[in-house]
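Written out below as structure tokens is the structure these notes cover.
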């Protein structure tokens, strides 16, 4: 469609004159969701001739079943693979994150390495600035100004156009703080967990893997893994909480987001509300602590109480939630762990 403007008209004629009268199922496949949606919009030749279907990647529960992993390990596998079958097919059954990475980083042709390159080459062949902006977000920048600076001191107009392209194609998500007060503090994050991991750790290190030094890349990932995972897991957990809202969140929790200010004081991991981005009612305030051997404790609870007091729309009666990988020792807060979260997709 991108390269041949006459394709849609040709397809429409073939469908109307021949294929629609035959026992034929015509399947059109493309990874660019925005472009695929345009195919079936008003005024286009193929309008109302097809049914849209989005095929999502495998979710954490699928991964747990496929690889026979414990819930916490399944979330780690999801953050690295993004649920892409090509990567999961080469993941040894029962292997934890570090066992798989040791295997994949020893092979320059591993799906973990090549899938990211193929995605960027296919989606942005002529958009160098968009790729630079994407790389800046992948390296941890989240605000408009810092993204432009990290992308090579791009002017605001170029950054704006690149972000519009990336959000239109659903590669990047733009988010606003969730509270009862309007805010313009937009932040950007990469939607696909695998691409986020690839840009953070793999893309720039492929030459090292090709030289047989995947061990150095693995050590670099080990060094940054805990802090990187703590940030990367947050949107996954918020998605799980939204799916579990009827069972585990207070009534009226129709959306789950986060809250922050320009100075990140406070920065709240989980905010449940009746609507977004400007809520009428805050239904729950929560914290995510995704560490190997440290449960959510009294200090974490004290910090959460302080943050709740500074969240517009919350008060002393707003319920508290702790999402922790290694359990909870504090009282007066509802706790969810990996096992409960995984049921969001089962």
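Residue numbers (the working numbering): 652 to 997. By construction, the Cβ of each residue, glycine as well, lies at the ideal position given by its N, Cα and C atoms.
> Quick one: what does DSSP say residue 677 is sitting in, helix, strand or coil?
Replying inline: For residue 677, the three-state secondary structure derived from DSSP is coil.
>> So, under 8 angstroms CB-CB, residue 969 and residue 948 are touching, yes? Tell me the CB distance rounded to an integer number of Å.
In response: Actually they are not in contact, since the Cβ atoms of residue 969 and residue 948 sit about 21 angstroms apart, beyond 8 angstroms.
>> Extract the residue ranges of the alpha helix (DSSP H) inside the region 825-898, only unbroken runs of 4 or more that lie entirely within it.
In response: Uninterrupted alpha helix (DSSP H) stretches at least 4 residues long and entirely within the region 825-898 occur at 844-848, 857-861 and 865-894, given in chain order.
>> What residue range does the alpha helix (DSSP H) around residue 945 cover?
In response: Taken as a continuous stretch (DSSP letters only), residue 945 belongs to no alpha helix (DSSP H), as it is neither H nor E.
> With contact counted as at least three CB pairs below 8 angstroms, one residue from each stretch, are the region 749-769 and the region 851-859 in contact?
Replying inline: They touch, by the three-pair rule.
>> Could you pull the DSSP bridge partners for residue 813 from this structure?
In response: Answer is none; residue 813 lacks a bridge partner.
> When burial is assigned at 16 or more other CB atoms within 10 Å of the CB, is residue 957 buried or exposed?
Replying inline: Counting every other CB atom within 10 Å of its CB across the protein chains shown gives residue 957 a total below 16, marking it as exposed.
>> Judging by CA-CA distance, which residue of 833, 713, 821 and 667 is the nearest neighbour of residue 736?
In response: Answer by Cα proximity: 713.
>> Contact between the region 867-879 and the region 807-825 is defined here as three or more beta-carbon pairs at a separation below 8 angstroms; is this criterion met?
In response: They do not touch, by the three-pair rule.
> Is it right to say residue 1026 is buried, meaning 16 or more other beta carbons lie within 10 angstroms of its own, or is it exposed?
Replying inline: Outside the modelled stretch of the chain, which goes from 652 to 997, sits residue 1026, for which no answer is possible.
> What are the boundary residues of the beta strand (DSSP E) that residue 910 is part of?
Replying inline: First-last of the beta strand (DSSP E) with residue 910: 906-911.
> Can you tell me where the alpha helix (DSSP H) with residue 713 in it begins and where it stops?
Replying inline: Residues 711-718.
>> Whole angstroms are fine: how far does the CA of residue 787 sit from the CA of residue 995?
In response: When rounded, the distance between both Cα atoms is 31 angstroms.
>> I believe residue 732 touches residue 845 by the beta-carbon criterion, under 8 angstroms. Please report the beta-carbon distance rounded to the nearest angstrom.
In response: Right, their Cβ atoms sit about 6 angstroms apart.
>> Quick check on the burial criterion: 16 or more other C-beta atoms within 10 angstroms. Buried or exposed for residue 951?
In response: Taking a 10 Å sphere around the C-beta of residue 951, we find 16 or more other C-beta atoms and assign the residue as buried.
> Are residue 860 and residue 756 close, meaning C-beta to C-beta below 7 angstroms?
Replying inline: Against a cut-off of 7 angstroms, the Cβ pair of residue 756 and residue 860 comes out as a contact.
> In chain order, what residues of the same chain have a beta carbon less than 8 angstroms from the beta carbon of residue 945, not counting five sequence neighbours either side?
Replying inline: Cβ neighbours of residue 945 beyond the five flanking positions: 977.
>> Quick check on the DSSP output: what are the complete alpha helix (DSSP H) runs of length 4 or more inside the region 735-802, in order along the chain?
In response: Within the region 735-802, the alpha helix (DSSP H) runs of at least 4 residues that lie entirely inside it are, in chain order, 736-740, 748-755, 762-774, 779-789 and 795-801.
> With distances taken between CB atoms, is the gap from residue 936 to residue 900 smaller than 7 angstroms?
Replying inline: Cβ atoms of residue 936 and residue 900: not closer than 7 angstroms.
>> Which same chain residues end up closer than 7 angstroms to residue 619 when comparing Cβ atoms and leaving out the 5 residues on each side of it in sequence?
In response: Nothing in the structure corresponds to residue 619, since the chain is present only between 652 and 997.
>> So, does the region 772-785 touch the region 740-752, judging by three or more C-beta pairs under 8 angstroms?
In response: No, the region 772-785 is not in contact with the region 740-752.
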